Every structure is written in structure tokens, then in C-alpha cells.
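Just below is one structure, and these are the notes that go with it.
In my numbering, the protein residues as written are 611 to 1117.
See the structure below:
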């Protein structure tokens, strides 16, 4: 019998199904190839069985099949085309049994489906998903979609349309885990809904997402439906970098200190929009499970976290953070107020705005009542807390901004204390002239500019350098908000501050 004897081939396959009511898939396909290749050697049958993937293993190449059959690659290609032309007219009945076991709607792990097929005697072996995909395509069963992962794979009916974007969901999960360390599956689903990604990604739910992620070898699950990525380099994980900052200052640390530090740092990134995805600080239970999985950290019996290795504050901290750390170390005190820290930084050329940001969001310091801070990991006594010095009117002379307010129509006055390093002197734009927050330049009579930009005033060094000022002198600046000009004076005595707090008399 030859390949052109299609009527005889159909008759033979029909007889095969009648004689053997329960043929396994492997036996039915092997017999099918024997009938197709009746005039060829047994080597040809084995070659095409491997080439078509009908043994349950991924298909081999034309070149490999040619070596098995002892013919050229081109001859294998010609015979393969002839076999495929007759396939859909001669479908073994066992193929319908396989179709009955495949999910019609929601996706299912292929490993579960393959186990079920073998348990029911439909197949003799566990089939690879790639082989089944090829087999279903050969015999015209196109109503299923397959998504392949490196650990497992998914098969689902056409309604499970989110499978078509399997890789996009995996990429989103990897990026969100890098931003947070570990992320709840519900947050990934919500990210798709909230950010408008549903226009690009088909919406899914937590069970379906968990199925997809379980196919990937480097994504592992934690309690409470959290997941994390095992293969992400630790220097790209925000949680690891922030934790190392804290441990470079004090070690070991309890989980409450670490959790609070992470919340402060994450909130800064989330509010400023400098990160693509918001950081989500996992609960303490999840954090402990995560630290136990990182070789860089060790968790003690009392749930304290330490680092396996040396940590240098100078290399782990930003320049403003390291200055704050130095302020505590040099003073020998465990509590410092805002002004002490800011003047310590000003003497070392640190931008005042940077210091304010770090005092608010840095994980290495914790605010304790009003304007006082302690380093993370520092335990304070009741006496130290009761002896805190709160800000009073007597402290006005230690403040940078002494007074601000309108002194006439569109004339705004600011009185500041001059620091040691005037070139790094930056002051915040007062809220009363908030309209200048974006950008404005004021010119004096000598065309020297004072710049308001991004919520800050700077450029003082241009006119103060040659003024004979001393650290601690008082700088009075009057801004003309209509003509964009300014005047300035320096004095040893504190100027009259009766204007402070006055609003603009202009209607």
C-alpha cells in the first residue's frame, strides 16, 4: 500500500480502532505511520515518529530524522509533506478521547492534564506540551491555546484569552517584585486594572495568575499569596538595598525597625514618581520568610535580621544620609534636633533641601516627637525621652528662616540667617508666593539673578561672596513679584520682623 491509496488507509485505520477498542495514543500513531510507510524500512517509521513528535518527546529536526532513516534531509521533507496531507482525513479515534480531557474554558497546568491522560490509559507516557501542540495541529484540533513556561505549561480553551499574554504577565510580575521584594498576587491583578493596562493586557484573577506564575521556575510563592523572583540580582531589589542601608548603621535590627524604615523609603519613591511601580512593603510575616530565603541575610531565633558580611556606611548611604550618620557619631549623642543636623550638614556643603528629604524619608533615622531624631536601632531610656528639648521662641536665633511676609503691594520680604557655605545655600519658596514654584528669575540693579525653580530659591552666592558677610549674619531680601526684581542687605542685628506673616494687600 502506498500513500496515494487513501481509501485503503482509512479502511485500515477503521479496522485498527475496531480490533483494539482501547488503543493508546502511542500505539495508534505508530500503526498509522506503519500503514503510511508500508513500502519503507522500519528506520523510516522511527525517524518520522521522532520527527513529528509522536513519541511524546519534542520533535527532532529534519537533519536528525534523515540520519535515523539514512536518507537526505530533503527526502525527509518530501515524505513529511505527503504524510501531513493525508493526516486530517485519517484521524485515529483516540484523538477524540484526548480532546475530551482537555479544558474547554479556563486554563489548566499541562502536567496535570498529562498525568490524567496516562492514568486513564489514553497515553502510555507523559507527553511534552510541545509534542501535543504539534499533534493537535496535525489533526486539526485548533480550539486550544498553549502557554509554555520553563517549569510547567498551561493549556486552555480559546475563552482563556489572557493566556495569549502569558509572557507580558510574567514580565509585569518580575518588575513589581523587583520594586517591592515580594508582592501579593492581588496587587498585580489590581495594577492591571488601575493603570489602564487592561487595554493592553486581558484582565485575569488571582487563581489564573497563580497558575501562570507556577509555570516559571524562578518565581516562588510565599504565604498569603505573595510571590518573589529568585533570580533577580540582589543589587536590583529595592528591599535588599534599603535593608543594607539600615544594617550599615546598626546591626542586628528587629523586624519592627526594618518594616518602618522600608515604609519611609518606599513612600518617598512612591510619592515622587521616580519608580515605574509603587513599592509595597510586605507584612512582617512575609518579610521574615523572604529574608530567610536570601543567602545575604541571617535571621536569629528572636526574629532579628543581620547581614552576612561587612557593610560600610560610606558606600551604602547617600551623601546626605552619611552626613546625618556622621552628625550622630561626631556628637556622641543618641538624639539630635533638626537644627543641629541641618547646621552640621551646612558646614559640609550639603543642600538643605536634601537634608529635609532624608530626615523625612530616610530609613536610617526615626523621628521621635516634634523635631528630634534618633538613628535606627538606637534604644532610648525614659529619662532621655523626658529630657527632649522642644522648640521655643528662644530658639528663633538658631533657625535659618527668621521671617517672611508682604511689606506692600507685590513686595515680599524674607529674612534669613547666612550659613558658612553660601554657594550651597538654598531656601524653600514660601507658600505665599507658590505661583513662583515652577520657575522665575529676579534681577537686582547689577543684573545679578536670584532663581526660583522647582520650589527652591538659590543663587545667593553670586552677590554674597564679596559682601563681607559673616556666618550668622542676617540677610534681608525683598522680592518685587510684579517687576521680578530684588534688593538685599546684610546686617549684624536682627531686622524688624513685624512684617512676618502679612498677606498681599493687592486685591
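The beta-carbon is built from N, C-alpha and C at its ideal position, and this holds for glycine as well.
Owing to the predicted nature of the structure, the values given are computational and were not obtained by experimental measurement.
Environment of residue i [buried if 16+ CB atoms lie within 10 Å]
i            : result
residue 705  : buried
residue 618  : In this prediction, residue 618 scores a pLDDT of 42, lower than 50, which makes its location untrustworthy; no coordinate-derived value is stated.
residue 944  : exposed
residue 643  : buried
residue 1055 : exposed
residue 822  : buried
residue 968  : buried
residue 930  : buried
residue 659  : buried
residue 814  : buried
residue 1051 : exposed
residue 801  : buried
residue 1099 : exposed
residue 977  : exposed
residue 761  : exposed
residue 805  : exposed
residue 669  : buried
residue 691  : exposed
residue 633  : buried
residue 816  : exposed
residue 757  : buried
residue 937  : buried
residue 614  : Annotation note: pLDDT 45 at residue 614 (below 50); position unreliable, no value reported.
residue 786  : buried
Candidates the options: closest to residue i by CA position
i            : options              : result
residue 798  : 766, 840, 888        : 888
residue 919  : 905, 677, 804        : 905
residue 1154 : 1100, 972, 1022      : Outside the shown range of the chain (611 to 1117) lies residue 1154, about which nothing can therefore be said.
residue 1035 : 1085, 993, 1017, 867 : 1085
residue 893  : 910, 867, 879        : 867
residue 841  : 784, 726, 933        : 784
residue 664  : 741, 678, 802, 1071  : 741
residue 701  : 712, 928, 667, 641   : 641
residue 636  : 891, 666, 961, 662   : 666
residue 753  : 716, 724, 762        : 716
residue 865  : 661, 843, 911, 879   : 911
residue 1089 : 670, 1101, 1019      : 1019
residue 825  : 909, 764, 771, 875   : 764
residue 1058 : 970, 1042, 1070      : 1070
residue 870  : 881, 862, 853        : 853
residue 1011 : 1021, 993, 1040      : 1040
residue 638  : 679, 703, 672        : 703
residue 811  : 774, 986, 709        : 774
residue 1022 : 924, 684, 908, 1094  : 1094
residue 862  : 921, 719, 686        : 921
residue 1081 : 1101, 743, 933       : 1101
residue 963  : 1067, 827, 786       : 1067
Limits of the alpha helix (DSSP H) - the one that residue i falls within
i           : result
residue 804 : 795–804
residue 641 : 635–646
residue 689 : 683–697
residue 948 : 948–956
residue 938 : 929–941
residue 679 : 672–679
residue 659 : 652–661
residue 926 : 923–926
residue 665 : It is not in any alpha helix (DSSP H) - residue 665 carries neither H nor E in the DSSP assignment.
residue 706 : 704–711
Beta-bridge partners of residue i, as assigned by DSSP
i            : result
residue 839  : 829
residue 1062 : 1050, 1067
residue 915  : 863, 909
residue 1101 : 1084
residue 975  : 985
residue 734  : DSSP output for residue 734 lists no bridge partner at all.
residue 718  : 765
residue 1095 : 1053, 1090
The beta strand (DSSP E) enclosing residue i, as first and last residue numbers
i            : result
residue 755  : 754–758
residue 880  : It is not in any beta strand (DSSP E) - residue 880 instead sits in the alpha helix (DSSP H) that spans 865–882.
residue 1024 : 1021–1027
residue 763  : 763–767
residue 1084 : 1084–1090
residue 776  : Taken as a continuous stretch (DSSP letters only), residue 776 belongs to no beta strand (DSSP E), being part of the alpha helix (DSSP H) at 776–790.
residue 1016 : 1011–1018
Neighbour flag for residue i against chain B, beta carbons, 7 Å
i           : result
residue 982 : Of the protein chains in this structure there is only one, and it is not chain B.
Evaluate the contact criterion for the segment 828–842 versus the segment 789–799: three or more CB pairs, one atom per stretch, below 8 Å. yes
Evaluate contact between the segment 743–754 and the segment 689–700, counting only Cβ atoms and requiring at least three cross-stretch pairs below 8 Å. yes
Is it true that the segment 1065–1084 meets the segment 974–986, where meeting means three or more beta-carbon pairs spaced less than 8 Å apart? no
Specify whether the segment 955–967 and the segment 1024–1033 touch according to this definition: at least 3 beta carbon pairs, one from each stretch, less than 8 Å apart. yes
Contact between the segment 1014–1029 and the segment 1092–1112 is defined here as three or more beta-carbon pairs at a separation below 8 Å; is this criterion met? yes
Would you check if the segment 936–952 and the segment 897–911 touch, i.e. whether three or more CB-CB distances between them fall below 8 Å? no
Can we say the segment 648–656 touches the segment 731–741, given the rule of at least three CB pairs closer than 8 Å? no
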